[in-house]
Amino acid sequence: MWLILILVLIGVLLLVAELVLLPGISVAGIGSLLAFGAAIFYAFIQYGVLIGLVTLTAAVLLSVLAVFISLRANTWQRLSLKATIDSTSTPTPQQNNILVGQTGTTLTRLAPMGKVRVGEVTAEAKTIDGYINPRQSVEVIGFENTVVIVRAVHHKQQESINQI
């Protein structure tokens, strides 16, 4: 008799695990069906039709009760994560006070992405000019999420910028 009770309880626990922790047809769901089936089969074989039907009824009622308790709103609220993530891993160029029109220097080769220094800030950059070698002057022309969009500053433009 203890074996039947243990198998039914294992079936209920695996059913709850299937619903709450591992949704979909998984090992827990198959294990739950096997535990229920073994308990009911053993009850019919060992104890007869009456105990077999009682075991079947108990398994169904316990399963319905477990599903009902598992799917209640309070149960999910206790299991759900309440913390929120407010930060980003990389500040945006605007948060670093990088503005369109500012000039900077490439730290790595932009092919088409790499690192640039604009003022005192090092940022990830993308060029529209193809490739730009390290230690070249660039101008900020826009932003794309956390990436600074730059273009090469040619020598004539650079000389006029230096005169200002």
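Just so we're aligned: 83 in full-length UniProt numbering is position 83 of the sequence shown, and the numbers increase by one with no gaps anywhere. Quick reminder that beta carbons are idealized off the backbone N, C-alpha and C, glycines included. Being a predicted model, the structure only gives us computed values, none of them experimental.
Straight-line gap, residue i to residue j (C-alpha atoms, nearest Å)
i      : j      : result
Ile6   : Leu14  : 12 Å
Trp2   : Arg72  : 30 Å
Ala17  : Ile45  : 29 Å
Gly142 : Ile85  : 27 Å
Asp129 : Ala152 : 7 Å
Leu81  : Gly101 : 43 Å
Glu144 : Ala59  : 58 Å
Ser32  : Ser63  : 10 Å
Tyr47  : Ala83  : 52 Å
Ala28  : Ser70  : 15 Å
Val54  : Ile10  : 17 Å
Thr90  : Asn74  : 36 Å
Reduced DSSP category for residue i - H, G, I as helix; E, B as strand; rest coil
i      : result
Val147 : strand
Val140 : strand
Val100 : coil
Ile25  : coil
Ile85  : coil
N- and C-terminal bounds of the beta strand (DSSP E) containing residue i
i      : result
Gly104 : Thr103 to Thr106
Ala125 : Val121 to Thr127
Own chain, CB closer than 7 Å to residue i, minus 5 neighbours either side, in chain order
i           : result
residue 166 : Coverage of the chain is limited to positions 1 through 164, which leaves residue 166 absent and any answer about it impossible.
Ala38       : Leu7
Ala66       : Val12, Leu15 and Val16
Arg135      : Thr105 and Thr106
Ser137      : Thr103, Thr105, Val153 and Gln158
Bridge partner(s) assigned by DSSP for residue i
i      : result
Met113 : Lys126
Ala152 : Val138
Ile132 : Leu110
Run of the alpha helix (DSSP H) containing residue i, from where it starts to where it stops
i     : result
Ile4  : Trp2 to Val20
Thr55 : Val49 to Leu71
Nonlocal neighbours in the same chain, by C-beta distance under 8 Å from residue i, ignoring five residues either side
i     : result
Ser26 : Glu18
Same chain, Cβ closer than 6 Å to residue i, neighbours up to 5 away in sequence not counted
i      : result
Thr92  : Thr146
Gly112 : Note that residue 112 corresponds to Pro in the displayed sequence, not to Gly. Cβ within range, chain order: Lys126 and Thr127.
Asn133 : Arg109
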